Amino acid sequence: MRPQSILLALVTLLGSLQAGIVEDWNEAFLNAVRKETPPPCLVSRNLPIFHLAVHRSLKAAAALSAGEQRQAAHLASRTAFLSFFPSQTRMAEGLDASLGVRIESDAVRQLVAREVARTFQEREGDGSSTTVHYVPSDKPGQWRRTPPNFRPPEFPHWGQVRPFLVDQAASYRVPPPPALDSARYAQAVNEVKAIGGKTSTLRTAEQTLIARFWADFSYTSSPPGHWNEIAREICRRQALPLAESARFFALLNLTMADACICIWNNKYHYNYWRPVTAIQRAGEDGNAATQPDPAWEPLLRTPPHPEYVSGHSGVSGAAAAILEHQFGTQGIAFQASSDDVKDTLRRFTSFEACAREIALSRIYGGIHYPAAGEEGLKLGRRIATDCRARFKE
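The sequence shown maps to residues 16 to 408 in this note's numbering.
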């Protein structure tokens, strides 16, 4: 092999090794999420704190050697990871061994301690641990607890959490959902009733697979985690440089976090009832084009929070837009795996197509109307545009 070829091979190998630190710690973070199963809103908040601490530490180490930058990325990841998952020391030790990064620089220790502490301190008092009193309503069209477990509303305070990049969540209000007496509402209810029921004869086998593939309930990587997995594999394949990878994951997760806050602000503002309630109690909606079916059940279990807009769709719209910004829209090919449907892959040639499938999956699962997905996708993209403009780090 000629000297130039040897040098190129070494540079390529070094880039691949550097790219692995951020991606490997991201994978460890999501494995910890699977084990400890925190609520998706909390995952959406903690992921950007984790990745922003790593990004800031690498920026602070930019003038240091390549080896010290690797130390900074590893130590920042380890410190932030154990702050969120103190019981997962064995997982952290496994990363220590596999990555083989020894922390030998006092300068690295000091700058990482400073940047990680700064990042965590900024989120103190952000409203994520606040509780609010939720007063249910028995009016037609308003959310109420859903069968089979009739769980209390999840995180009614989340729409008031301080965003990371955007100004006010309330300024991202989407248009109202269809009125109960409208033809659009009746069409939506009847569509979900026909295709989203547990015993539907109209839903195809592939649509059933899609609903379950993207379910992302407990003991999974969560909806924002699912997009991190997609992003991680693309970053590995393209061997993104260490600093670029750290910045990308910070922006991706900051954007999804703000999308989640804005989505929850809409959910509890409109307080719209879920399909299972609307179908079982259709006799109360004042719409002659809907008929009650007290025995109707959705394919997927209904999440315990209002319907409009769809969280999966909003997060997906935001993530797809950031991925498009990073990797473009041409020549894209990737595959996604699922914690809920093992040994199955979904393949895509655009991020938008993946996001749209996720939005549709909630209709196939019987837990969202079409408008919740459509408006969620648009909301996510709007938030992504603003987050990109505001992220100056």
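The C-beta atom is built at its ideal place from N, Cα and C for all residues, glycine as well. The model shown is predicted, which means the values in this text are computed figures rather than measured ones.
Exposure label - Pro171; buried when at least 16 CB within 10 Å: With 16 or more other CB atoms across the displayed protein chains lying within 10 angstroms of its CB, Pro171 is buried.
Ala351 (DSSP reduced to helix, strand or coil): Strand, per DSSP.
Completely contained alpha helix (DSSP H) runs for the region 67-144, where each covers 4 or more residues: Complete alpha helix (DSSP H) runs here, min 4: 81-99, 104-114, 121-137.
Those runs of the alpha helix (DSSP H) which lie wholly inside the region 250-304 and span at least 4 residues: As far as the region 250-304 is concerned, its whole alpha helix (DSSP H) runs of at least 4 residues are 257-285, 290-295.
Limits of the alpha helix (DSSP H) - the one that Arg405 falls within: Looking at the DSSP string, the run of the alpha helix (DSSP H) that includes Arg405 is 385-405.
Between the CA atoms of Ala47 and Gly301 - distance to the nearest angstrom: Separation of Gly301 and Ala47 (C-alpha to C-alpha, rounded to the nearest whole angstrom) is 47 Å.
Spatial neighbours of Pro151 in its chain, beta-carbon cut-off 7 Å, leaving aside the 5 residues before and after: Hits under 7 Å: Arg159.
Paired residues, beta bridge with Gln157 - DSSP: DSSP, once it has assigned bridges, lists Tyr287 as partnering Gln157.
Rounded separation between Pro239 and Lys208 - CA only: Rounded to whole angstroms, Pro239 to Lys208 spans 28 Å at the Cα level.
Straight-line Cα distance separating Arg177 from Thr305: When rounded, the separation of the alpha-carbon atoms in Thr305 and Arg177 is 40 Å.
Gly380, DSSP secondary structure in three states: Shown here, Gly380 sits in coil according to DSSP, grouped into three states, outside any helix or strand.
Same chain only: Cβ atoms within 6 Å of Ser197, ignoring 5 sequence neighbours per side: Excluding positions up to five away in sequence, the list is empty.
Residues bridged to Pro163 (per DSSP): Looking at the DSSP assignment, Pro163 forms no beta bridge with any residue, so it has no partner.
CA nearest to the CA of Val58, picked from Ile276, Gly391, Glu372: Checking every option, the nearest Cα to that of Val58 belongs to Ile276.
Local conformation of Gly212 per DSSP, three classes: Note: Gly212 maps to strand in three-state DSSP.
Proximal residues to Gln84 (C-beta, below 7 Å), its chain only, five neighbours per side dropped: The answer, listed in chain order, is Leu73, Ala76, Leu257.
Per DSSP, the bridge partner or partners of Arg49: Beta bridge pairing from DSSP links Arg49 with no other residue.
Cβ-Cβ distance between Phe179 and Leu269 below 8 Å: Yes, these two residues count as a Cβ contact at 8 Å.
Candidates Leu266, Tyr323, Leu90: closest to Trp279 by CA position: Restricting attention to Leu266, Tyr323, Leu90, the CA atom closest to the CA of Trp279 is found in Tyr323.
Cβ-based burial, Lys407 [other Cβ within 10 Å; buried from 16]: Burial state of Lys407 is exposed, judged by a 10 Å Cβ sphere holding fewer than 16 other Cβ atoms.
Ser233 to Arg188 span [Cα, whole Å]: Ser233 and Arg188: Cα-Cα distance of roughly 28 Å.
His320 vs Arg377 beta-carbon contact at 8 Å: No, they are not a contact pair.
Contact check, Thr134 vs Ala201, beta carbons under 8 Å: It is not a contact, given that the beta carbons lie outside the stated cut-off.
Secondary structure of Leu22, DSSP reduced to three states: Residue placement at Leu22 is poorly supported in this model, since its pLDDT is 39, which falls under 50; the coordinates are not used for a value here.
Inter-stretch contact (C-beta, 8 Å, three-pair minimum) for the region 369-383 and the region 216-231: Counting Cβ pairs under 8 Å, three or more are found: they touch.
Residues sharing a beta bridge with Arg361, DSSP: Beta-bridge pairing by DSSP links Arg361 to Ala351.
C-alpha distance - Gln136 paired with Val204, whole-angstrom precision: Taken atom to atom, the span from the alpha-carbon of Gln136 to that of Val204 is near 45 Å.
Beta-carbon proximity check, Ala81 vs Val131, cutoff 8 Å: No, the pair does not count as a contact, with Cβ atoms beyond the cut-off.
Separation of Ser325 from Ala386, as counted between CA atoms: Taking the Cα positions, Ala386 is about 9 Å away from Ser325.
Presumed contact (8 Å Cβ cut-off) between Pro307 and Ile382, rounded CB distance: About 18 Å separates the CB atoms of Pro307 and Ile382; that is not less than 8 Å, and the two are not in contact.
Rounded distance between the beta-carbons of Val37 and Ser260, thought under 8 Å: Indeed, because the Cβ distance is near 4 Å, the residues count as touching under 8 Å.
Backbone secondary structure at Pro313 - three-state DSSP: Secondary structure at Pro313: strand, using DSSP grouped into helix, strand and coil.
Beta carbon of Phe264 nearer than 8 Å to that of His66: Yes, the pair counts as a contact, with Cβ atoms nearer than the cut-off.
Supposed contact pair Ala333 and Ala404 - C-beta distance, whole angstroms, cut 8 Å: The C-beta distance from Ala404 to Ala333 rounds to 14 Å, too long to fall under 8 Å, and the pair is not in contact.
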